[in-house]
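Asks: Protein chains in written order, with my numbering: chain A, 1 to 225; chain B, 1001 to 1218; chain C, 2001 to 2193.
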Amino acid sequence: MRIALDGVSVRFGPRTVLDAVSVELTERRIGVIGANGSGKSTFARLLNGLVLPSAGTVLVGADDTATDARRIRRRVGFVFQNPDNQIVLPLVEEDLAFGLRNTGVPRKEIPGRVREQLADLGIAALAGRPSHALSGGEKQLVALAAVLVMRPETVVFDEPTTLLDLRNRNRLRAVIAALPQQAVVLTHDLGLLDGFDRVLVLDAGRIAYDGPPRTAVPWYVAHHS
Amino acid sequence: MRMSLYVPGTSPLHRVPAGWKLAVLLLCGVAVFLTRSVTLLGPAAGLALVLLLTVRAPREQLARQLRGPLWVLAAVVAVAALSESGHAALVVGLRLVILLLTALSVTLTTRTSELQGVLEVMLRPLDRAGLVNAPAVALAVSLALRFIPEVFQQFQEIREAQAARGLRGSPLALVVPLVIRVLRSAEDIAAAIDARCYPPARSRHPDRDDRLSGKAPG
Amino acid sequence: MTVRTRRPMSTQDLVLIALFCAVIVALGLLPPVSIAVIPVPVTLQTLGVMLAGAVLGPVRGAGACALVVLLTVLGLPVLSGGRGGLGVIPGPTGGYLLGWIPGAFVTGWLVKRFAVRAGGRLTSLAAHFAACLVGGLLVVYAVGVPWTSMTTGLGIGKAALGAAYFAIGDTLKAAVAAAVAHHVRRSYPIEPR
């Protein structure tokens, strides 16, 4: 899907977080890297209308996030950094059903979709488990499943591996690599960008570098150490 | 942590639909205040006790639910006996016993999800009249159930951290960080809920969004 | 969206209500603390009620308490000592539970009206304390005492005597709640609603 930012600035009070960013995202795998405070998180939240631009426009397909956020959110899924805050219902299967119910999927279809999605990620056994009793890795997979079950065309990941141990990090990398959808991945985990089509480096609210990982990652490392 | 008082079972009371149980309970609550006759209230209290025993709840569960209320009951009966009459004390005591035991029987035999179902049905007319946002109430209940164990766990983490720093027992050192953590996570949780298309499209105009094709609705 | 109130409740308001409900429940799950003056251990649950009003404001604070009442009625063991169920409401102490709702509202309203604007540290603390005391104690008892009297047939005076027994603990809790709300307001201010 084509996501286009045109002259987008975001200001919170006196602070400018993003400064006149224009970029068009069409590739299947897009990485976004940058130091803390570079505006990464705000950039990601612009893509599904969780943050609206103070100036400029964000178009997702033909929809404007400022006016069509509802429709955009069912097309652009968002996986947050901390799954503790993303899993919102008491049981795993209830949490997966949440987004489906909100988007008006017929009630009869919901249990089947939920089971199928859990099985897809190899976590079918978690269906009836209470959310608070899951391990960290399980939580991240459940949070991802709850987004994928809505069948978004694009998935935005906000530092998905930061809170995971090595084993779960590798597992999540494999899951992201296998996604058929377009994915925009914000990360500090540079290894995650292997095989990506494009990497944006954000610095102080601007895109400082834009290119394939083979040149973008060395550029980022050279400029930030 | 067990988050429900429901005791699985197959007793007659388990099989009665939740709506009926609640309706009878409500009537019972009104009825006990309509009479002062011990010959009526006495057998009724006995019946309530039998009802509770048919549920076959574990003894420790019964004890936990009854201990507190029985202390209050004892105090109330004692005061009534001293200040008014033995008859008055008996009437008050029997009324409270009936209310306590019947309500407990219903609580023990009805799943939270069934009660939530009854709640939804009761809220429906209010929702239609625009007085209550029923989906929001339902979500609030689920969110609370999801986050009670989480908040309790955070509590214990903070308590351990404070104990390690020698701040044991200071309620300020315990509660201030907890409240701040809660306020912080609320922002993320709300964003996560919005990102998954909450609030649901109202069935009155089913998914307006879908019928507009790619044009901003102005 | 349907037009209902001047300011519709946002998702974040809903989340705050649910989370403070969880705080109230969690405070009730903690083991009771003994305070020297009172023979019975007191739980910190009503501290949570005062905090809901003082931190969140009247509408959301009352909402958090209403949610605790709803969970109680739904048969969940959310009250101190793991109590819950329908029987709590028609019982002699049911009025105190119901009184939490207007209690948190009044606390929140007073905080919003006076405490937020208080300049100095001491005035702010005093204003928060007064708000917690009026809402969390006076208003709660104003519902609880007649309720006890009604369900038990005891006179108002005798029911009030029972309440006086808990007043010392609740006054101490109001002081703690005031200090917590004051600190929270300084390090993480949210607008009371």
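Ideal Cβ placement from N, Cα and C applies to all residues, glycine included.
Who are the near neighbours of residue 2132 (chain C) in its chain, counting only those whose CB is closer than 7 Å to its CB and skipping five residues on each side?
Replies: If you number the third sequence from 1, residue 2132 (chain C) lands on position 132. Answer for residue 2132 (chain C): 2050, 2054, 2107, 2174, 2177, 2178, listed in chain order.
Asks: Residues in the region 1116 to 1147 of chain B with C-beta within 7 Å of chain A's C-beta atoms, listed in sequence order?
Replies: 1142, 1143, 1145, 1146
Asks: I'd like to check one pair, residue 150 (chain A) with residue 77 (chain A): are the Cβ atoms closer than 9 Å?
Replies: One-based indexing of the first sequence puts residue 77 (chain A) at position 77. One-based indexing of the first sequence puts residue 150 (chain A) at position 150. Their beta carbons are under 9 Å apart, which means residue 77 (chain A) touches residue 150 (chain A) by this criterion.
Asks: Decide if the region 134 to 150 of chain A is in contact with the region 80 to 96 of chain A; the criterion is three or more beta carbon pairs, one per stretch, under 8 Å apart.
Replies: yes
Asks: Among A:190, A:211, A:220, which one has its Cα closest to the Cα of residue 203 (chain A)?
Replies: Mapped onto the first sequence, residue 203 (chain A) falls at position 203. Taking only the C-alpha atoms, the option nearest residue 203 (chain A) is A:220.
Asks: Per DSSP, what are the beta-bridge partners of residue 1128 (chain B) in this structure?
Replies: The sequence position of residue 1128 (chain B) within the second sequence is 128, counting from 1. The partner list for residue 1128 (chain B) (beta bridge, DSSP) is empty, contrary to what the question assumes.
Asks: From residue 1207 (chain B) to residue 2072 (chain C), what distance separates their C-alpha atoms?
Replies: Position 207 of the second sequence, counted from the first residue, corresponds to residue 1207 (chain B). Position 72 of the third sequence, counted from the first residue, corresponds to residue 2072 (chain C). Residue confidence is low: residue 1207 (chain B) scores 40 on pLDDT, short of 50, so the model does not pin down where it sits. Its coordinate-derived value is still stated next. Those two C-alpha atoms are separated by around 35 Å.
Asks: In chain A, which residues lie less than 7 Å from residue 1197 (chain B) when you measure between Cβ atoms?
Replies: Here residue 1197 (chain B) refers to the residue found at position 197 of the second sequence. Within chain A, the residues near residue 1197 (chain B) are 70, 73, 74, 99, 102, 103.
Asks: Would the beta-carbon of residue 2142 (chain C) fall within 9 Å of that of residue 2099 (chain C)?
Replies: Within the third sequence, residue 2142 (chain C) is the residue found at index 142, counting from 1. Within the third sequence, residue 2099 (chain C) is the residue found at index 99, counting from 1. Closer than 9 Å, so yes.
Asks: Pop quiz: residue 69 (chain A) and residue 156 (chain A) are said to be a contact at Cβ under 8 Å. What is the actual Cβ separation, rounded to whole angstroms?
Replies: As a first step, residue 69 (chain A) must be located in the first sequence, where it is residue number 69. As a first step, residue 156 (chain A) must be located in the first sequence, where it is residue number 156. So it is not a contact: roughly 14 Å between Cβ atoms.
Asks: With DSSP as the reference, please indicate the residues paired to residue 182 (chain A) in a beta bridge.
Replies: On the first sequence, position 182 is the one that residue 182 (chain A) refers to. BP columns for residue 182 (chain A) point to A:154.
Asks: Residue 33 (chain A) to residue 217 (chain A), Cα distance in whole Å?
Replies: The residue you call residue 33 (chain A) lines up with position 33 of the first sequence. The residue you call residue 217 (chain A) lines up with position 217 of the first sequence. The straight-line gap from Cα to Cα measures roughly 9 Å.
Asks: Nearest-angstrom Cα distance between residue 48 (chain A) and residue 65 (chain A)?
Replies: For this step, residue 48 (chain A) is matched to residue 48 along the first sequence. For this step, residue 65 (chain A) is matched to residue 65 along the first sequence. The straight-line gap from Cα to Cα measures roughly 7 Å.
Asks: Determine, using beta carbons only, whether residue 87 (chain A) comes closer than 9 Å to chain B.
Replies: The residue you call residue 87 (chain A) lines up with position 87 of the first sequence. Closer than 9 Å: yes.
Asks: Residue 1173 (chain B): which of B:1188, B:1185, B:1183, B:1155 sits nearest, CA to CA?
Replies: Counting from one through the second sequence, the residue named residue 1173 (chain B) turns up at place 173. It is B:1155.
Asks: Leaving out five residues on either side along the sequence, give the residues of the same chain with a beta carbon under 7 Å from the beta carbon of residue 2067 (chain C).
Replies: Position 67 of the third sequence, counted from the start, is the residue given in the question as residue 2067 (chain C). Around residue 2067 (chain C): 2017, 2018, 2021.
Asks: Does the pairing of the region 2081 to 2097 of chain C with the region 2120 to 2136 of chain C give three or more beta-carbon distances under 8 Å?
Replies: no
Asks: Identify, in the order they occur along the chain, each residue of the same chain with its Cβ nearer than 8 Å to the Cβ of residue 1025 (chain B), setting aside the five sequence neighbours on each side.
Replies: Position 25 of the second sequence, counted from the first residue, corresponds to residue 1025 (chain B). Spatial neighbours of residue 1025 (chain B) in its own chain (CB-CB distance under 8 Å, excluding positions within 5 residues in sequence) are listed in chain order as 1102, 1103, 1106.
Asks: Can you have a look at residue 95 (chain A) and say buried or exposed, based on whether 16 or more other CB atoms are within 10 angstroms of its CB?
Replies: Walking along the first sequence from the start, residue 95 (chain A) turns up at place 95. The residue is buried, with at least 16 neighbouring Cβ atoms inside 10 Å.
Asks: Following the continuous beta strand (DSSP E) through residue 41 (chain A), name the residue where it begins and the one where it ends.
Replies: As a working note, residue 41 (chain A) is residue 41 in the first sequence. Residue 41 (chain A) -> not in any beta strand (DSSP E); alpha helix (DSSP H) instead, spanning 40 to 46.
Asks: By DSSP, does residue 12 (chain A) sit in helix, in strand, or in coil?
Replies: Counting from 1 along the first sequence, the entry for residue 12 (chain A) is found at position 12. It is a strand residue.
Asks: Closer than 8 Å between beta carbons: that is the criterion. Which residues of the region 2096 to 2107 of chain C meet it against chain B?
Replies: Residues: none.
Asks: Mapping the DSSP letters down to three states, classify residue 1153 (chain B) as helix, strand or coil.
Replies: Residue mapping note: residue 1153 (chain B) aligns to position 153 of the second sequence, counting from 1. Of the three classes helix, strand and coil, the one that applies to residue 1153 (chain B) here is helix, per DSSP.
Asks: Below 7 Å on C-beta distance, what does residue 2050 (chain C) contact in chain B?
Replies: The sequence position of residue 2050 (chain C) within the third sequence is 50, counting from 1. Neighbours of residue 2050 (chain C) on chain B: none; closest Cβ ~11 Å, over 7 Å.
Asks: Identify, in the order they occur along the chain, each residue of the same chain with its Cβ nearer than 7 Å to the Cβ of residue 1115 (chain B), setting aside the five sequence neighbours on each side.
Replies: In the second sequence, the residue the question calls residue 1115 (chain B) occupies position 115. Only 1018 meet the Cβ criterion.
Asks: Using 8 Å as the threshold, is the region 160 to 169 of chain A in touch with the region 188 to 196 of chain A, meaning 3 or more CB pairs across them?
Replies: yes
Asks: Secondary structure at residue 22 (chain A), three-state DSSP: helix, strand or coil?
Replies: One-based indexing of the first sequence puts residue 22 (chain A) at position 22. Reduced to three states, the DSSP call for residue 22 (chain A) is strand.
Asks: Since residue 1191 (chain B) meets chain A, which of its residues come closer than 7 Å, beta carbon to beta carbon?
Replies: On the second sequence, residue 1191 (chain B) is found 191 positions in, with the first residue counted as 1. Those within 7 Å of residue 1191 (chain B) in chain A are 50.
Asks: Is the shortest distance between the beta-carbon of residue 1088 (chain B) and the beta-carbons of chain C less than 9 Å?
Replies: Translated into the one-based positions of the second sequence, residue 1088 (chain B) becomes position 88. Yes, contact with chain C.
Asks: Which residue wins for smallest C-alpha separation from residue 1028 (chain B), given the options B:1044, B:1076, B:1016?
Replies: Residue numbering aside, residue 1028 (chain B) sits at position 28 when the second sequence is read from its first letter. The candidate whose alpha carbon is nearest that of residue 1028 (chain B) is B:1044.
Asks: For residue 2109 (chain C), count neighbouring C-beta atoms within 10 Å of its own C-beta (all shown protein chains included) and say buried if the count is 16 or more, exposed if not.
Replies: As a position in the third sequence, residue 2109 (chain C) is number 109, starting the count at 1. It counts as buried.
Asks: Pull up the distance between the alpha-carbon of residue 198 (chain A) and that of residue 1147 (chain B), whole angstroms please.
Replies: For the purposes of this step, residue 198 (chain A) is identified with residue 198 of the first sequence, where counting begins at 1. For the purposes of this step, residue 1147 (chain B) is identified with residue 147 of the second sequence, where counting begins at 1. Answer to the nearest angstrom: the Cα atoms are 38 Å apart.
Asks: Buried or exposed: where does residue 41 (chain A) fall if 16 or more other Cβ atoms within 10 Å of its Cβ makes it buried?
Replies: As a first step, residue 41 (chain A) is located in the first sequence; it is residue number 41 there, counting from the start. Buried: at least 16 other Cβ atoms inside 10 Å.
Asks: Give me the DSSP bridge partner(s) of residue 30 (chain A).
Replies: The residue labelled residue 30 (chain A) in the question sits at position 30 within the first sequence. DSSP output for residue 30 (chain A) lists A:184, A:198 as bridge partner(s).
Asks: Starting from residue 1037 (chain B), find everything on chain A with Cβ-Cβ shorter than 8 Å and list it in chain order.
Replies: To locate residue 1037 (chain B), count along the second sequence from 1; it is residue 37. Correct list: empty, because the minimum Cβ distance to chain A is about 46 Å.
Asks: Can you name the start and end residues of the alpha helix (DSSP H) that residue 2048 (chain C) belongs to?
Replies: For this step, residue 2048 (chain C) is matched to residue 48 along the third sequence. Run containing residue 2048 (chain C): 2045 to 2051, per the alpha helix (DSSP H) assignment.
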